[in-house]
Amino acid sequence: MADRGTLSRRGLLRGALATGAASLLAGCTGFATSGTSGLTFLSTQFTPLDEAERFRALLRKAFDGDVGYVTSDPGPFTTQVRSQVDAGAVRASVIGGLHGDLAPLAPNHLEDLTDIVSDFSSLGWPPEYLELARAGTNRTWYVPWAQASYVLAAHVDALQHLPSGANADDLSYDQLLDWAIAARRANNNRPVLGLPGGPKGLLHRFFQGYLLPSFTGGQITTFRSPEAVTAWEYMRELWRNCVPASTNYAQMQEPMEAGEVTVGWDHVSRLVNAPRREPDKWRMMPAPRGPKGRGYMAVLTGLAIPKGAPDQDRARRLIAALSRAETQVDLLRANAFFPTVRTPIPDDLPPAIRLEAGAVAKQRESKGAILSLPPVGLGSREGELSKVFRDCFETIVLKGGDARSTVDAQARVVNQLLADAKVPCWAPDPRGTGICEVR
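Its first residue numbered 32, the sequence shown is counted upward by one per residue in the working numbering.
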């Protein structure tokens with residue numbers, strides 16, 4: 032649809048909220064393309080074919096113009112946006128990605144979107160997400176789009192073994208350990224707690240976003256603190272009460288469906304099938320809290336406009352359309368990413384999705400919540416940092432090594448990696464302007 036020159040930018044945006052090319056990127060390594068010549072939307076999200084097609088259908092419903100949805104791996108994404116902006120030859124009008132994909136592009140390679148979040152503040156984006164979108168400045172560089180997280184899941188049979196007086200929605204890490212011990216003893220000494228510790232599991236996210244922030248208040252700066260040593264020693268005790276096969280689990284929904292595990296932690300997309308057959312017999316709960324608070328990891332995506340992008344009025348209308356509550360609920364239905372705007376979760380969603388939505392909201396809104404992010408700015412080297420946390424786990428927890436000497440040794444690896452990458456800290460550590468480092 033052609034731009035209407037008589038309408039103001041604010042009018043265009045309000046109209047989008049009220050009414051509910053690939054060829055341009057030819058030659059860009061890593062891009063999968065769609066076949067429309069309209070507005071180009073480049074994104075690191077929904078790269079599997081089925082997810083991409085469902086999202087393209089959502090775009091057709093939500094926006095009154097042609098949009099070419101083009102997917103990219105994170106590495107080429109950042110490189111292409113920077114190179115196009117620097118060359119003054121920007122092809123994508125809208126870009127979408129994780130906070131870690133977008134924040135490194137601000138402010139030099141993104142347009143200022145402060146007016147959008149100001150004009151539509153009634154949508155109710157969480158203040159902590161808007162703070163992230165400012166990337167350490169006083170302007171907004173992307174609009175929070177969708178979110179996911181990690182939570183606890185438990186079969187109702189396991190709840191009877193909770194410590195006396197414990198609230199399943201407000202557990203401490205000590206209570207989680209006591210629960211695991213009691214449930215093991217009641218199950219003929221067979222553990223019931225499971226964690227995704229296999230080669231393809233996401234256990235490193237538990238350390239990065241949950242355990243260490245909850246015990247130390249940070250992820251990197253506090254990596255070798257006395258509180259971090261305590262956290263790893265706690266983890267050793269917890270692991271003694273985990274199902275031994277946890278070292279093989281890639282995701283928890285399969286052993287939970289099979290009855291091998293009745294209490295587990297994982298990414299919401301890797302838990303969703305556990306309650307499929309008997310949803311009334313399952314609970315989803317926030318992660319535990321520690322001495323510093325309740326650490327949790329937000330997988331936050333955002334929408335931005337590259338500096339100098341074409342069709343910026345239509346790009347802003349598209350961002351506004353994707354920020355509507357009903358569109359965000361449609362995205363939840365399509366690809367299981369939760370809204371970032373304030374909106375009730377419909378009763379007709381699958382029970383597992385509703386269970387997860389409740390747990391994610393309670394976790395984020397809980398008193399003492401500590402927002403953590405996946406590593407920001409490391410690009411293809413993120414795996415090296417994740418390996419550090421896995422190596423700590425293997426040495427301290429699986430092999431019984433000394434926690435203090437292990438974190439001291441691994442802190443040197445972390446500092447060298449971050450010095451090479453020249454990246455500032457990310458939440459929960461203070462962002463600052465210098466290179467992030469272990470204190």
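No residue lacks a Cβ here, since even glycine has one placed at the ideal position from N, Cα and C.
Original post:
Is the CB-CB distance between Ala214 and Ala189 below 8 Å?
Top reply: Cβ atoms of Ala214 and Ala189: closer than 8 Å.
**OP:** Can you give me the Cβ contacts of Ala217 inside the same chain, cut-off strictly under 7 Å, excluding the 5 residues immediately before and after it?
**Re:** His192
Original post:
Taking C-alpha atoms, which residue in Leu409, Pro459, Asp422 lies nearest to Lys453?
Top reply: Leu409
**OP:** Please go through the region 272-350 and give each complete beta strand (DSSP E) segment of 3 or more residues, from N-terminal end onward.
**Re:** 294-298, 313-316, 325-328, 330-335
Original post:
Given that a residue counts as buried once 16 or more other Cβ atoms are within 10 Å of its Cβ, and exposed if not, what is Gln447?
Top reply: exposed
**OP:** Output the residue ranges of the alpha helix (DSSP H) runs that lie fully inside the region 134-183 and measure 4 residues or longer, sorted by chain position.
**Re:** 145-150, 158-164
Original post:
Hey, quick one: how far does the beta strand (DSSP E) through Tyr241 stretch, first residue to last?
Top reply: Counting along the chain, Tyr241 falls outside any beta strand (DSSP E), and DSSP gives it neither H nor E.
Subject >> Proximity below 8 Å, CB of Tyr204 to CB of Gly321 >> reply: yes
Original post:
How about Pro306 and Ala383: are their beta carbons less than 8 Å apart?
Top reply: yes
**OP:** Note the first and the last residue of the continuous alpha helix (DSSP H) segment covering Val438.
**Re:** From DSSP, the alpha helix (DSSP H) with Val438 extends over 434-452.
Original post:
Do the CB positions of Met315 and Ala390 come within less than 8 Å of each other?
Top reply: yes
**OP:** To the nearest angstrom, report how far apart Ser103 and Val445 are at their CA atoms.
**Re:** 28 Å
**OP:** Compare the C-alpha of Trp156 against each of Thr168, His140, Tyr173 and name the closest.
**Re:** Tyr173
Subject >> Every unbroken beta strand (DSSP E) inside the region 342-418 [3 residues or more] >> reply: 400-403
**OP:** Report back the beta-carbon spacing between Gly89 and Asp451 to the nearest angstrom; my notes put them in contact at under 8 Å.
**Re:** It is worth fixing the name first, because residue 89 is Leu in this sequence and not Gly. That pair is no contact at about 40 Å.
Original post:
What residues in its chain sit with their C-beta under 6 Å from that of Val294, if we drop five residues either side in the sequence?
Top reply: Ala185, Ala189, Val223, Leu224
Original post:
Roughly how many whole angstroms lie between the Cα atoms of Gln16 and Val419?
Top reply: This structure leaves residue 16 out entirely; the chain is present only between 32 and 470.
**OP:** Report the partner residues of Ile126 according to the DSSP bridge assignment.
**Re:** Leu73, Ala335
Original post:
Along the chain, where does the alpha helix (DSSP H) that runs through Thr110 open and close?
Top reply: 105-118
**OP:** Can you give me the Cβ contacts of Ala49 inside the same chain, cut-off strictly under 6 Å, excluding the 5 residues immediately before and after it?
**Re:** Model confidence at Ala49 stands at a pLDDT of 42, short of 50, so the residue's coordinates are unreliable; what they give is reported in the following sentence. Closer than 6 Å at the Cβ level, and outside the excluded window around Ala49, lies no residue.
Original post:
Excluding the five sequence neighbours on either side, which residues of its own chain have a C-beta within less than 6 Å of the C-beta of Ser277, listed in chain order?
Top reply: The answer, listed in chain order, is Gly225, Leu226, Gly228.
Subject >> As assigned by DSSP and simplified to three states, the class of Asp460 >> reply: coil
Subject >> Reference Thr358; option with closest CA among Pro381, Arg85, Leu80 >> reply: Check the Cα spacing between Thr358 and each of Pro381, Arg85, Leu80: the tightest is with Arg85.
**OP:** Using DSSP bridges, identify the partner residues of Leu224.
**Re:** Cys273, Val294
**OP:** Using alpha carbons as the reference points, say which of Asn169, Leu242, Ile126, Ile251 lies closest to Leu449.
**Re:** The option with the nearest alpha carbon to Leu449 is Ile251.
**OP:** With DSSP collapsed to three states, give me the class of Leu55.
**Re:** For Leu55, the predicted model reports a pLDDT of 41, less than 50, meaning its position is unreliable; a value from the coordinates is still stated below. Three-state result, Leu55: helix.
Subject >> Same chain, Cβ closer than 6 Å to His298, five either side skipped, listed in chain order >> reply: Tyr181, Leu233
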